[in-house]
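In what follows, a structure is listed as C-alpha cells, so that the remarks can point back to it.
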Amino acid sequence: SDADTDTDTDADTDITESSQWVFDEGTIRIYRLTMAADDWTHLQEEGVDEEYVSADLEVDGQTWNNIGVRLKGSYSLDSCWSMGTRLWDGHCQKISMKLDFTEFDDTLRFKEMKKINLHSMSADLTKMHERLGYHLFRAIGLVAPRSVPAQVYVNDTYLGIFQAVENVDGRFTANRFPGAGDGNLFKEIWPSSEIDSADDVWDALKTNDEPEDNPDISDFIEFNEALTAVTADNIDQNLFPYVNVDEMLKFLVVDRAIHNWDGPLSFYWGANHNYYWYHRESGQWLLIPWDLDKTFWEYDRYFAPNPDEGITTPVPGWNVIPNECPSGMFGGMYTIAETIGPPEEGPASNTFVAPGCDPLISILASMYWDDFVSHGTTFMETQFTLENLNSILDIWQAQIDSVMQIEPTLSYSEWLVEMETLRSHLPKLRSDLATHLADSYRHE
Numbered sequence: 013s014d015a016d017t018d019t020d021t022d023a024d025t026d027i028t029e030s031s032q033w034v035f036d037e038g039t040i041r042i043y044r045l046t047m048a049a050d051d052w053t054h055l056q057e058e059g060v061d062e063e064y065v066s067a068d069l070e071v072d073g074q075t076w077n078n079i080g081v082r083l084k085g086s087y088s089l090d091s092c093w094s095m096g097t098r099l100w101d102g103h104c105q106k107i108s109m110k111l112d113f114t115e116f117d118d119t120l121r122f123k124e125m126k127k128i129n130l131h132s133m134s135a136d137l138t139k140m141h142e143r144l145g146y147h148l149f150r151a152i153g154l155v156a157p158r159s160v161p162a163q164v165y166v167n168d169t170y171l172g173i174f175q176a177v178e179n180v181d182g183r184f185t186a187n188r189f190p191g192a193g194d195g196n197l198f199k200e201i202w203p204s205s206e207i208d209s210a211d212d213v214w215d216a217l218k219t220n221d222e223p224e225d226n227p228d229i230s231d232f233i234e235f236n237e238a239l240t241a242v243t244a245d246n247i248d249q250n251l252f253p254y255v256n257v258d259e260m261l262k263f264l265v266v267d268r269a270i271h272n273w274d275g276p277l278s279f280y281w282g283a284n285h286n287y288y289w290y291h292r293e294s295g296q297w298l299l300i301p302w303d304l305d306k307t308f309w310e311y312d313r314y315f316a317p318n319p320d321e322g323i324t325t326p327v328p329g330w331n332v333i334p335n336e337c338p339s340g341m342f343g344g345m346y347t348i349a350e351t352i353g354p355p356e357e358g359p360a361s362n363t364f365v366a367p368g369c370d371p372l373i374s375i376l377a378s379m380y381w382d383d384f385v386s387h388g389t390t391f392m393e394t395q396f397t398l399e400n401l402n403s404i405l406d407i408w409q410a411q412i413d414s415v416m417q418i419e420p421t422l423s424y425s426e427w428l429v430e431m432e433t434l435r436s437h438l439p440k441l442r443s444d445l446a447t448h449l450a451d452s453y454r455h456e
C-alpha cells in the first residue's frame with residue numbers, strides 16, 4: 013500500500029531530510045541491483061506482467077535487502093511485447109523499473125520512502141525532458157516530483173543512465189504537506205460524467221486504500237459531482253471550494269509551454285493522461301504532473317502539429333469552444349492522421365476529444381483567460397527565458413557528459429546532436445507560448 017499514517021512533525025521532517033539525499037541535484041548516484049539470474053531473465057522476457065521479483069540494492073555503499081523490482085510503463089512497456097514476443101531494439105533496449113521497498117518487508121524504507129522509479133528515458137534521447145519539465149512546474153510554485161539522473165547496474169551489468177523519479181504516494185504528500193499529508197490521492201481519473209461507477213474511483217485511489225485505513229472515496233464523488241456541473245453561475249459552490257484557480261492556471265501555463273501532448277489536456281484513448289489529484293486538508297484538490305517524457309518536442313503533437321506530418325484535423329486548444337462536443341465526453345470527434353510521428357512514440361491514430369468540451373477546462377478558459385495570460389507572461393519573463401533554460405541545460409549537460417560517453421543504448425555523438433536539437437527548439441517553444449498568450453477564449 014502507498015498509504016501513510018505518519019502525521020507528526022518529526023516523521024515528516026525525517027522524510028524530507030532523508031529523501032533529499034536521494035534527490036541531491038549535484039550528485040549522480042549509482043544504483044546496483046543484485047538478483048537471481050532467473051529473476052532478471054524473467055523481468056527481461058516476461059516483465060510486461062509487471063510482477064515483482066526480489067533483489068538487493070546498493071547505493072553509494074548503503075544496502076537494502078529483499079526489495080521488490082518490476083518493469084513499469086504503460087504504452088512504453090506494452091509496445092515492447094508484440095504478439096507476445098519481446099522486442100529489443102529502439103526504446104525497448106532499456107525499460108523503466110519501479111523499486112518497492114515494502115513489497116516483501118513492510119518495515120523497509122529507502123531514505124524514509126517506500127518506492128522510487130527508475131525511468132529509462134528511452135524515448136527521450138536528450139535525457140532532459142522529464143527532469144526539466146518537473147523543474148519548471150516547481151519553479152512556477154507548484155508541487156511536482158523530484159527527479160535526478162542515476163546510473164543503474166543489474167548483476168554487475170551496466171544498463172546505463174536512468175532518471176530516479178520520486179514516487180507520488182503517501183510519502184510524497186507527507187513530504188509536501190508536513191503534518192497534513194494524509195489526504196486521498198487518485199491517479200488518472202478526471203471529474204467527468206463518463207465515470208460509470210464507484211469502481212472507477214476505487215481503482216484510481218492510491219493512498220488510504222487498505223482495510224485498516226477505512227477507505228472512503230466520498231470526497232472524490234463529491235468533487236466529481238461539483239466539477240461536472242460547474243457553470244459561470246455556480247462557481248462559488250462548484251469551483252472555489254474544490255480547486256485553487258491560480259494553481260490550475262499556472263499548471264496550464266507550464267503544460268502549454270513545454271508542449272505536453274500526453275498530459276491532462278490530451279483526451280485520447282477514452283481519457284486524459286499522466287496526472288494525480290491530491291485532496292488537501294483545506295478541502296481543495298491539487299493537480300500533480302506525471303510522466304513528462306513526451307514534452308519539449310518542436311511541435312505540439314495534437315494542438316499545433318507539424319504540417320509536414322499530414323495532420324487531418326488539429327485538435328482545438330483548451331481555450332477554444334468546439335463546434336460540437338460528443339454527447340458522451342469521450343465519444344470521439346477529432347481523428348488524428350495515421351502519419352503522425354514515429355510509431356514507437358505513442359498512438360499513431362485515434363479519436364480525440366477537444367479539451368474545451370470538459371466543464372472544468374472550459375470554465376477556466378471562459379472566466380480566467382486574462383489571469384492565465386498574466387501568469388504566462390510572468391513565466392515567459394522569468395523561468396521560461398532562453399537564458400534561464402540554457403543555463404539549466406548547461407549545468408545538467410556537463411553533469412551527465414561523462415556518463416553519456418559510456419551510455420550503452422545511445423552513442424555520445426548522437427546525444428550531443430540531440431542536445432543541440434533541444435536547444436534549437438527552445439525559441440519555438442517560447443514563440444508558441446507567446447502566440448498562445450496572444451490568443452483569446454473563442455469559438456472554433
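Just add 12 to the spot in the sequence shown (first one is 1) and you have my numbering. The C-beta atom is built at its ideal place from N, Cα and C for all residues, glycine as well.
In whole angstroms, what separates the C-alpha of S436 from that of I233?
-> One Cα belongs to S436, the other to I233, and the distance between them is close to 45 Å.
What do you get for H448, buried or exposed, if any count of 16 or more other CB atoms within 10 angstroms of its CB means buried?
-> Buried, because 16 or more other Cβ atoms sit within 10 Å of the Cβ of H448.
Would you kindly check if the distance between the Cβ of Y170 and the Cβ of P420 is under 8 Å?
-> Taking C-beta atoms as the reference points, P420 and Y170 count as a pair closer than 8 Å.
Euclidean distance between Cα positions of D112 and T119 = Those two C-alpha atoms are separated by around 12 Å.
Check whether the Cβ atoms of R158 and F35 sit closer than 8 Å, and answer yes or no.
-> Between R158 and F35, the CB-CB gap stays under 8 Å.
Host alpha helix (DSSP H) of L264 (start-end) = Counting along the chain, the alpha helix (DSSP H) containing L264 begins and ends at V257 to A269.
Confirm, please, whether the CB-CB distance from S108 to N77 is below 8 Å.
-> No, they are not a contact pair.
Taking the Cβ atom as the reference point for each residue, do L398 and M260 lie within a distance shorter than 8 Å?
-> Contact: no.
Start-end ranges of the alpha helix (DSSP H) lying completely within the segment 131 to 179, minimum 4 residues | You should have 141 to 151.
Is N327 helix, strand or coil when you go by DSSP?
-> It should be pointed out that residue 327 corresponds to Val in this sequence rather than to Asn. The answer is coil: DSSP assigns V327 none of H, G, I, E or B.
Note down the Cα distance separating Q74 from S374, rounded to an integer number of angstroms.
-> When rounded, the distance between both Cα atoms is 50 Å.
Taking the alpha helix (DSSP H) that V213 falls in, what are its first and last residues?
-> Its alpha helix (DSSP H) spans residues A210 to A216.
Beta-carbon gap between L299 and Y280 smaller than 8 Å = The answer is no: Cβ separation not under 8 Å.
Identify whether R121 lies in helix, strand or coil by the three-state DSSP scheme.
-> DSSP places R121 in coil when its eight states are reduced to three.
Buried or exposed: P223, going by 16 or more other Cβ atoms within 10 Å of its Cβ?
-> Counting every other CB atom within 10 Å of its CB across the protein chains shown gives P223 a total below 16, marking it as exposed.
Minimum C-alpha distance to D451 - residue among R292, G388 and Y424 | The shortest C-alpha separation from D451 is found at G388.
DSSP bridge partner residues for K110 (one or two, in chain order) | Per DSSP, R82 and N129.
Beta-carbon spacing of I207, N179 below 8 Å = Contact: no.
Just tell me which of A176, Y64 and D51 has its CA closest to the CA of R41.
-> A check of alpha carbon separations from R41 across A176, Y64 and D51 identifies A176 as the nearest.
Would you list the one or two residues that DSSP bridges to P301?
-> Y287, per the DSSP bridge assignment.
May I have the straight-line CA-CA distance separating L401 from P161, to the nearest angstrom?
-> Here the alpha carbons of P161 and L401 stand approximately 18 Å from one another.
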